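**Student:** Position 42 of the sequence shown, counting from 1, maps to 41 under numbering that gives the first Met the number 0, and the rest follow consecutively.
Just so you know, even glycine gets a beta-carbon here, dropped at the ideal spot from N, CA and C.
Please read these numbers as outputs of a predicted model, since none were measured by experiment.
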Amino acid sequence: MSIEYPDGATPLDPDEMEGLKFKHVTTRGQLDHLEQANIQDGLVWLQRNKDTDILNEGFVRELHKRLFGDVWAWTGTFRQTEKNIGIDPVQIGVQLRILLDDTGFWIENGTYEPLEAAVRFHHRLVYVHVFPNGNGRHARIMADAMLTKLLKVDPIDWAGGYDLQAMNERREQYIQALRAADGGDIKLLMRFVSDE
Ligand SMILES: Nc1ncnc2c1ncn2[C@@H]1O[C@H](COP(=O)(O)OP(=O)(O)O)[C@@H](O)[C@H]1O
Ligand SMILES: [Mg+2]
0 MSIEYPDGAT
10 PLDPDEMEGL
20 KFKHVTTRGQ
30 LDHLEQANIQ
40 DGLVWLQRNK
50 DTDILNEGFV
60 RELHKRLFGD
70 VWAWTGTFRQ
80 TEKNIGIDPV
90 QIGVQLRILL
100 DDTGFWIENG
110 TYEPLEAAVR
120 FHHRLVYVHV
130 FPNGNGRHAR
140 IMADAMLTKL
150 LKVDPIDWAG
160 GYDLQAMNER
170 REQYIQALRA
180 ADGGDIKLLM
190 RFVSDE
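Below you can see the structure in the form of structure tokens.
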């Protein structure tokens with residue numbers, strides 16, 4: 000299958016493509032559809048799961064498996080290849096641990112308002128880029144789980160009526176805001192998630 004990727008997406012390498020569980024898939028549209036169905040099931044699992052112990056490696060990996068595990072064989076396992084986004088793969092375990100610990104600290108101490116804590120957490124999670132694929136969607140759902148389960152506030156309206164997986168104005172703003180956050184400036188990302 001040849002996949003066209005929107006700007007800011009992570010291309011899969013041939014080994015990772017091997018992990019596709021549906022061998023008949025020939026288009027990006029079919030793949031999106033399969034992933035979307037899997038994500039729906041994952042979200043049902045997430046809602047039913049009353050566990051609030053979510054800021055740990057085990058939960059981060061389990062959620063990824065629940066969201067994408069029907070479609071891909073390598074879900075829940077750390078990325079092993081270099082991508083155009085993300086840290087060196089050998090650093091993933093340690094950096095994820097630091098991020099989860101920092102996030103727990105912010106929550107305990109009220110370091111940031113809930114929305115800012117979720118935005119900072121989301122950005123750093125996609126920046127680490129834990130998995131070969133699905134990091135954007137997984138990290139948006141993780142941020143929402145943190146908001147709803149731990150901080151007891153509403154989730155973020157990420158897509159704002161658009162399809163955030165497709166190339167459109169809203170995705171362009173989102174990717175630009177993440178790039179600004181890579182440079183330490185989270186204002187754009189805060190504006191992106193604030194409904195104005
Ligand atoms: N410059 C960047 N800095 C941090 N994160 C980024 C950057 N560019 C893209 N991303 C994130 O990476 C995601 C793409 O990674 P990918 O693993 O393909 O996730 P998905 O398959 O869910 O879209 C984007 O949706 C976005 O969340
Ligand atoms: Mg992707």
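Could you give the first and the last residue of the continuous alpha helix (DSSP H) run that contains Y111?
**Tutor:** No alpha helix (DSSP H) holds Y111; DSSP gives it neither H nor E.
**Student:** Mind checking who W71 pairs with in its DSSP beta bridge?
**Tutor:** L19
**Student:** Under 8 Å between the Cβ atoms of H128 and I86?
**Tutor:** Annotated as proximal: H128 and I86, with beta-carbon spacing under 8 Å.
**Student:** Using 7 Å as the cut-off, classify the Cβ of G133 as near or not near the heavy atoms of ligand 2, replying yes or no.
**Tutor:** Yes - ligand 2 has a heavy atom lying nearer than 7 Å to the Cβ of G133.
**Student:** Excluding the 5 residues preceding and the 5 following V89 in the sequence, name in chain order all residues of the same chain whose CB lies nearer than 8 Å to its CB.
**Tutor:** none
**Student:** Below 8 Å on the Cβ atoms is my guess for F21 versus V70; work out the distance and round it to an integer in Å.
**Tutor:** 7 Å
**Student:** Take I2 and list the residues in its own chain whose beta-carbon comes closer than 6 Å to its own, dropping the five residues that flank it on each side.
**Tutor:** Excluding the 5 residues flanking it on each side, I2 has same chain C-beta neighbours closer than 6 Å at R27, in chain order.
**Student:** Can you find a CB in chain C that lies within less than 8 Å of the CB of H121?
**Tutor:** You won't find chain C in this structure, because it holds only one protein chain.
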